[in-house]
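**Q**
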Amino acid sequence: MWPIKEEEEEKEEEEEEEEEEEEEEEQKEAVVVAGLCMPPLLLTAFRRAATMATYTPGTHSMAFVTAPSQEVAKKIAGLFFVLWLSSVLCVRWVKNKLAACVNIIPGVVSVYEWEGEINEDPEVIMMIKTRTSRLEELTKYVRENHPYDVCEVISSKIEQGNEPYLKWIGDIVPEK
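All letters in the sequence shown, in the order written, are residues 137 to 312 by this note's numbering.
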């Protein structure tokens, strides 16, 4: 009887050792897999944290300005509009860096009351990306160069967006 118990105990011990070795191997494999996966994951998390930390919501704004035509909009946007000529990028940067980008959107129809009458006129709208701190200066420039007595200049703070694009706005338009 004694030898059988000893053999059974030895077998159980061997099986336990084998199970422990298998567990250790599985843990080593898991560490290797984690070691291979973690650097890219950590890098991605770090990049995301770094870019998210660089933009404070509301730092930049979009201003909307209507104009009676594309020609007038281009004239108004002249100081801060990027032009393409003969496939060569010709940049006329903002003299005072008022905006990073201006989109001129045609086909707008404005219905409004003016001097007691309802009017309906074709217009274009300019969507201007700038720093919030430059809005007053931008508004002043538009008022001085717009043909309307009361020109539309409204803005909305940018709370979220594509981080590289928001950084680009900040790089182009200096803080005031």
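All residues carry an ideal CB built from backbone N, CA and C; glycine is no exception. It should be emphasised that the depicted structure is a prediction, and the values quoted were computed from it without experimental measurement.
Between the segment 256-272 and the segment 150-161, can you find at least three pairs of beta-carbon atoms closer than 8 Å?
**A** Verdict: no, contact absent.
**Q** Just to confirm my understanding: we take V245, look at its own chain, exclude 5 residues before and 5 after, and list those with CB closer than 8 Å. What are they?
**A** These residues qualify, in order along the chain: E256, D257, P258 and E259.
**Q** Helix, strand or coil, according to DSSP, for I305 in the structure here?
**A** Helix.
**Q** Between Y301 and G243, what straight-line distance do the alpha-carbon atoms span, to the nearest angstrom?
**A** Answer to the nearest angstrom: the Cα atoms are 26 Å apart.
**Q** I think T266 touches H196, with their Cβ atoms under 8 Å apart; what is that distance to the nearest whole Å?
**A** The pair is a contact, with the Cβ atoms about 7 Å apart (cut-off 8 Å).
**Q** Measure the alpha-carbon distance for E251 versus V286 and round it to whole angstroms.
**A** Taking the straight line from one Cα to the other gives about 12 Å.
**Q** Taking DSSP as the reference, what is the three-state secondary structure of T202?
**A** Of the three classes helix, strand and coil, the one that applies to T202 here is strand, per DSSP.
**Q** Taking its Cβ as the centre, do 16 or more other Cβ atoms sit within 10 Å of R279, making it buried, or is it exposed?
**A** Its Cβ having fewer than 16 others within 10 Å, R279 is exposed.
**Q** Starting from R267, trace the beta strand (DSSP E) both ways and give me its first and last residue.
**A** E253 to R267 is the extent of the beta strand (DSSP E) around R267.
**Q** On a CA-only basis, which of V208, A235 and E207 is nearest S291? Give me that one, please.
**A** When only C-alpha atoms are compared, the closest one is A235.
**Q** How far does the beta strand (DSSP E) with K293 in it extend, from its first residue to its last?
**A** Per DSSP, K293 belongs to the beta strand (DSSP E) from V289 to K293.
**Q** What's the gap between the Cα of Y284 and the Cα of E295?
**A** Between Y284 and E295, the C-alpha separation is close to 30 Å.
**Q** Figure out for me which residue from I254, T268 and F200 has the closest Cα to the Cα of V238.
**A** The candidate whose alpha carbon is nearest that of V238 is F200.
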